[in-house]
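Quick note: the sequence shown uses the UniProt record's numbering, first residue 1, plus one each step.
Here is the structure we will look at, set down as structure tokens.
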Amino acid sequence: MVVAVTRPTRLNISQAAVTHNIQEVRQASQASFMFLAVKANAYGFGLIPMSQAAVAGGIDGLAVALLDEGLALRQAGLTEPTLILGITLPQYARLIAENNLIATVGSLAWLEAALQYLPVNGQRLQVNLAVDTGMGRIGFRERTELEAAITFMHEHREAFTYASIMTHFAEADAPEVDYFHQQLNRWHALTDGIEMPPLVHLSNSGAAMYHADEMPTDVIRAGTVVYGVEPSRGELRSDDYLEPVLTLETELVFVKKCHEGEGVSYGHTYYAHEGEWIGTVPLGYGDGLPRKLQGFEVIVDGVKRPIVGKLAMDQMMISLPYELPIGTTVTIIGRQGEQENTLEHVGQYTDLAPWEISTNLQERIYRQITD
Numbered sequence: 001m002v003v004a005v006t007r008p009t010r011l012n013i014s015q016a017a018v019t020h021n022i023q024e025v026r027q028a029s030q031a032s033f034m035f036l037a038v039k040a041n042a043y044g045f046g047l048i049p050m051s052q053a054a055v056a057g058g059i060d061g062l063a064v065a066l067l068d069e070g071l072a073l074r075q076a077g078l079t080e081p082t083l084i085l086g087i088t089l090p091q092y093a094r095l096i097a098e099n100n101l102i103a104t105v106g107s108l109a110w111l112e113a114a115l116q117y118l119p120v121n122g123q124r125l126q127v128n129l130a131v132d133t134g135m136g137r138i139g140f141r142e143r144t145e146l147e148a149a150i151t152f153m154h155e156h157r158e159a160f161t162y163a164s165i166m167t168h169f170a171e172a173d174a175p176e177v178d179y180f181h182q183q184l185n186r187w188h189a190l191t192d193g194i195e196m197p198p199l200v201h202l203s204n205s206g207a208a209m210y211h212a213d214e215m216p217t218d219v220i221r222a223g224t225v226v227y228g229v230e231p232s233r234g235e236l237r238s239d240d241y242l243e244p245v246l247t248l249e250t251e252l253v254f255v256k257k258c259h260e261g262e263g264v265s266y267g268h269t270y271y272a273h274e275g276e277w278i279g280t281v282p283l284g285y286g287d288g289l290p291r292k293l294q295g296f297e298v299i300v301d302g303v304k305r306p307i308v309g310k311l312a313m314d315q316m317m318i319s320l321p322y323e324l325p326i327g328t329t330v331t332i333i334g335r336q337g338e339q340e341n342t343l344e345h346v347g348q349y350t351d352l353a354p355w356e357i358s359t360n361l362q363e364r365i366y367r368q369i370t371d
């Protein structure tokens, strides 16, 4: 991995915004314990800096998709409770245990297979039981097998710690609530009366923000809402209670005055006007920006100006309002003066979900925490 520290392109994570959003979620959900999902490079914001900002902002635990992501957090010195949301191959059970990570398990067979890899008198494996109530992804689907898994862990206390149990809602952020209630009823049918571990977590961002009074537990797994995107994307609530976390900025590295009809970028899909000033910035589709962003208005010198011509791999051009000096800040996502571009705006322009934009932002973009 090469991080481009020498070019003037930065992805900034606002510590103040992260802290504010965590406090908003905690207040709305009355959460006693909050995981933040930092999977997929923290939704593209940056695994390590975003996790550090979240911990500084008061988050209690972190949730990743993969063992490798959990190991990266440990290597960076982050010691908070860390849940692996995906299924890891059982032969890595010892590695999970030795790094004090929580393994998600969806079957008795997984526990039986993992047992052979856990040493006698070694560090016990913390287990999170996943219950499939209707997401259709992973997890126990029958109460008898769920009970058998709990019994198996007790029979092998030297190897396992029953630390956590969860389910995941498919439509908690939708105006229609029938399927949400169907899943909640399924949860009660599968789990009421069985032994519960210290961490019982059903709520994702949508459930935490819109269904807190229906949740049988106050442990939540926050995601989108902490990153500054309203879970329902405005359908159930405006986003004015959140603060945007991500700013993507760069600078003009070349400026030229064009003549009428001069083509710009590959295929000459844009022709300049007489006297038009065109600026070049060091950012392109090789950094994860969609090529459909052509025509989107970025912010330069406090005004919005369009991206002209096709995005190249490492550079793109913008039409300037007038001659501007090299080094002038260009804001792709974020606020500049009275103008603002949000992650949602970029998603709407390209007809992509906000997370399809952010998770595609490549690791070569330098990421940093700002005030």
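Beta carbons: idealized from backbone N, C-alpha and C, even for Gly.
Since the model is a prediction, treat every value here as computed from it, not as a measurement.
{"Check": "Beta-carbon proximity list for E262, same chain, < 6 Å, skipping 5 on both sides", "Outcome": "A272"}
{"Check": "Rounded distance between the beta-carbons of R291 and K310, thought under 8 Å", "Outcome": "6 Å"}
{"Check": "Distance between beta carbons of T342 and Q336, contact taken as under 8 Å", "Outcome": "At roughly 13 Å, the Cβ-Cβ gap does not stay under 8 Å, so Q336 and T342 are not in contact."}
{"Check": "Cα-Cα separation, Y366 to D287", "Outcome": "11 Å"}
{"Check": "Opening and closing residue of the alpha helix (DSSP H) in which A172 lies", "Outcome": "From DSSP, A172 is part of no alpha helix (DSSP H); its letter is neither H nor E."}
{"Check": "Delimiting residues of the beta strand (DSSP E) encompassing A37", "Outcome": "33 to 37"}
{"Check": "Host beta strand (DSSP E) of A130 (start-end)", "Outcome": "125 to 130"}
{"Check": "Q52 - containing alpha helix (DSSP H), residue span", "Outcome": "47 to 56"}
{"Check": "Residue from R221, M209, L115 whose Cα sits closest to the Cα of residue 374", "Outcome": "The requested residue 374 is not part of the displayed model; the chain covers only 1 to 371."}
{"Check": "As assigned by DSSP and simplified to three states, the class of I332", "Outcome": "strand"}
{"Check": "Test item: CB-CB of L67 and I96 under 9 Å", "Outcome": "yes"}
{"Check": "According to DSSP, residues forming a beta bridge with V308", "Outcome": "M317"}
{"Check": "Selected residue, minimal CA-CA separation from L85, among N99, E69, E98, L78", "Outcome": "E69"}
{"Check": "When A76, Q116, W277, Q315 are compared against L89, the one with the closest alpha-carbon", "Outcome": "Q116"}
{"Check": "C-beta atoms of L83 and G106 nearer than 9 Å", "Outcome": "no"}
{"Check": "Selection from S265, F180, N121, A189 that minimises the alpha carbon distance to F140", "Outcome": "A189"}
{"Check": "Cβ neighbour criterion (16 or more within 10 Å) applied to G344", "Outcome": "Per the sequence presented here, residue 344 reads as Glu, with Gly not at that position. The residue in question, E344, is buried, as its Cβ has 16 or more Cβ neighbours within 10 Å."}
{"Check": "Exposed unless 16 or more other CB atoms sit within 10 angstroms - verdict on I326", "Outcome": "exposed"}
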